[in-house]
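Have a look at the structure below, then the notes.
Protein chains: 2
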Amino acid sequence: MSLRHAILAMLDIEKGSGYDLVKRFDQSVSYFWAASYQQIYRELQKLESEALLESEEVIQQGKPDKKIYEVTPDGINELQKWLEKPAKAMKIKEPLLIKIYAGDLADTALLIEEICQHKAAHSVRLQQYQEMSELLINLEQPLRSKYFLPHQTLKLGIKIEEAWLEWAEETLEAIT
Amino acid sequence: MSLRHAILAMLDIEKGSGYDLVKRFDQSVSYFWAASYQQIYRELQKLESEALLESEEVIQQGKPDKKIYEVTPDGINELQKWLEKPAKAMKIKEPLLIKIYAGDLADTALLIEEICQHKAAHSVRLQQYQEMSELLINLEQPLRSKYFLPHQTLKLGIKIEEAWLEWAEETLEAIT
DNA sequence: GTTGCATATTCAACAAATTGAATATAGGCT
DNA sequence: AGCCTATATTCAATTTGTTGAATATGCAAC
């Protein structure tokens, strides 16, 4: 049950709407936490009902209105209590690797095509992460300090994407 | 719903008991699929009830009896059908990274300790993977061919563990 | 002699995630 | 006018996954 803690951590760094959070999960922490928009919106409601978050409605022109969520002191407390307990083990699910594992039963051409597609997707993500990293490097104090640890996590994302790309190239060569 | 396909893929390569499978998931494919023993045993029952697997009871001396599961032609068919469809996106959950992300609210000493522990765990896993890789390299034909693709997936596991270890060292340096 | 580990499996209650539909504003495209 | 995309959010049914307990054999350590 750490989706709530992921949300609290991200809103603690910077408050925002559910829609913002969905994008942040998708674009900047997808190498360590996967969450769908339905999950995020549901958890935001739950967190607000438990007073760990509070929201402010923002009326917009040209766009639908939105709710900006912010972590409450109780929310910070909950996050801190969670931080004291040992972290649970990583969990990963990568269907493409199952496909490759069982690849002898598959059409090689299809397999190659899918590896190429995934490689392209990882390449795009690597670029995103690198751009974000550039932004964080060029921040002025005190923002740079504030983003020091998120930036550190981003560096793992970059390393993992690089490893993936390297591997995809080698695998494509090995298969053909 | 690809736990079933992961199980089918692994039993297709080599038949075995639930207990064997649990170990294989844990020791050799944990970088692309996480599954608990309860999940695996439940899914084995379901797969057998759908006739995608069949089991044979093996009476053992000195150890409890066991059931060896084997993929049926229907099971192969199910796996092949699944292989034709595009793979779903990877999903990952790494609570430790949330901790680091929100690390400003945590005790730095605790954070360092946990990174060290995780680093040690990744180091052990890397060694396991490397040993398994050695075994696969030294196989004689036709086994070597059979394990070519599983071996290829293992190489990603190794790259990812290496990336993780590198990152953990850099992070420990950066934090202290 | 009983505690702990490795082997081997099952069940049930509960929590979390997925799928799919629904709603609403507004700009741009054909 | 109708369609697509981006913004923004909600709900409900179903499927998955987690937690925790239970059972059983046998070896080794203390």
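Heads up: the protein sequence lines correspond to chains A and B, in order.
Residue numbering for the first sequence is 1 to 176, as defined by our numbering.
Residue numbering for the second sequence is 1001 to 1176, as defined by our numbering.
Don't be surprised by glycine CBs; every beta carbon is placed ideally from N, CA and C.
The model shown is predicted, which means the values in this text are computed figures rather than measured ones.
Interface flag for P150 (chain A) against chain B is set, since a Cβ pair is found closer than 7 Å.
By the CB criterion at 7 Å, S1017 (chain B) and K1067 (chain B) fall inside the cutoff. For the segment 62-93 of chain A, the beta-carbon criterion of a distance under 9 Å to any beta-carbon of chain B is satisfied by I76, L79, Q80, W82, L83, E84, P86, A87, K88, A89, M90, K91, I92 and K93. Chain order gives no chain B residues near T176 (chain A), where near means a beta carbon separation below 7 Å; the closest approach is about 12 Å. Less than 7 Å divides the Cβ of A9 (chain A) from the Cβ of A1102 (chain B).
In the DSSP assignment, E70 (chain A) forms a beta bridge with A:E54.
Residues of the same chain with a CB within less than 6 Å of the CB of W82 (chain A), apart from the 5 flanking positions on each side, are H5 in chain order. For D12 (chain A), the chain B residues whose Cβ falls inside 8 Å of its Cβ are A1102 and L1105, in order along the chain.
The beta carbon of F1025 (chain B) does not come within 7 Å of any beta carbon belonging to chain A, so the residue lies off that interface.
Taking 7 Å as the upper bound on Cβ-Cβ separation, chain B lies near residues Y31, F32, W33 and A34 of the segment 30-46 of chain A. Partner residues in a beta bridge of W164 (chain A), as assigned by DSSP, do not exist. Excluding five sequence positions before and after L1126 (chain B), the CB atoms of its chain that fall closer than 7 Å to its own CB belong to I1158, E1161, E1162 and L1165, given in chain order. The beta carbons of G75 (chain A) and L53 (chain A) sit closer together than 7 Å. Secondary structure of I1092 (chain B) (DSSP, three-state): strand. With respect to D20 (chain A), V71 (chain A) sits apart: the two C-beta atoms are not nearer than 7 Å. The beta carbon of I1100 (chain B) sits closer than 8 Å to the beta carbons of L1111, I1115 and T1171 from its chain, once the five residues preceding and following it are set aside; these are given in chain order. Contact between S1123 (chain B) and L1154 (chain B) is absent: CB atoms are separated by about 17 Å, not below the 8 Å threshold. Where G18 (chain A) is concerned, the enclosing alpha helix (DSSP H) starts and stops at G18 to S28. E131 (chain A) and W1167 (chain B) have their C-alpha atoms spaced approximately 19 Å apart. For Y37 (chain A), the enclosing alpha helix (DSSP H) covers residues Y37 to S49.
As DSSP reads the structure, W33 (chain A) sits in a beta bridge with B:K1093.
At a cut-off of 7 Å between C-beta atoms, K1099 (chain B) counts as an interface residue with respect to chain A. Around the beta-carbon of L1149 (chain B), 16 or more other beta-carbon atoms lie within 10 Å, marking it buried.
A distance of 7 Å or more separates the beta carbons of M1090 (chain B) and E113 (chain A). Under the DSSP assignment, Y1129 (chain B) falls in the alpha helix (DSSP H) whose first and last residues are T1108 to I1137.
From the listed residues B:P1086, B:R1042 and B:I1092, the smallest Cα separation to A34 (chain A) is found for B:I1092.
Chain A places a beta carbon closer than 7 Å to that of P1095 (chain B), counting this residue as a contact. By the rule that beta-carbons nearer than 7 Å mark a contact, I1115 (chain B) does not touch chain A. In chain B, no part has a C-beta under 7 Å from the C-beta of E173 (chain A); the shortest such distance is about 11 Å. According to the DSSP assignment, L1143 (chain B) belongs to the alpha helix (DSSP H) that extends over L1143 to K1146. Nearest neighbour of T108 (chain A) by Cα position, chosen from A:T176, A:L156, A:P142 and A:S145, turns out to be A:T176. Judged by DSSP secondary structure, A1009 (chain B) falls within the alpha helix (DSSP H) whose first and last residues are L1003 to I1013. Secondary structure of K63 (chain A) (DSSP, three-state): coil.
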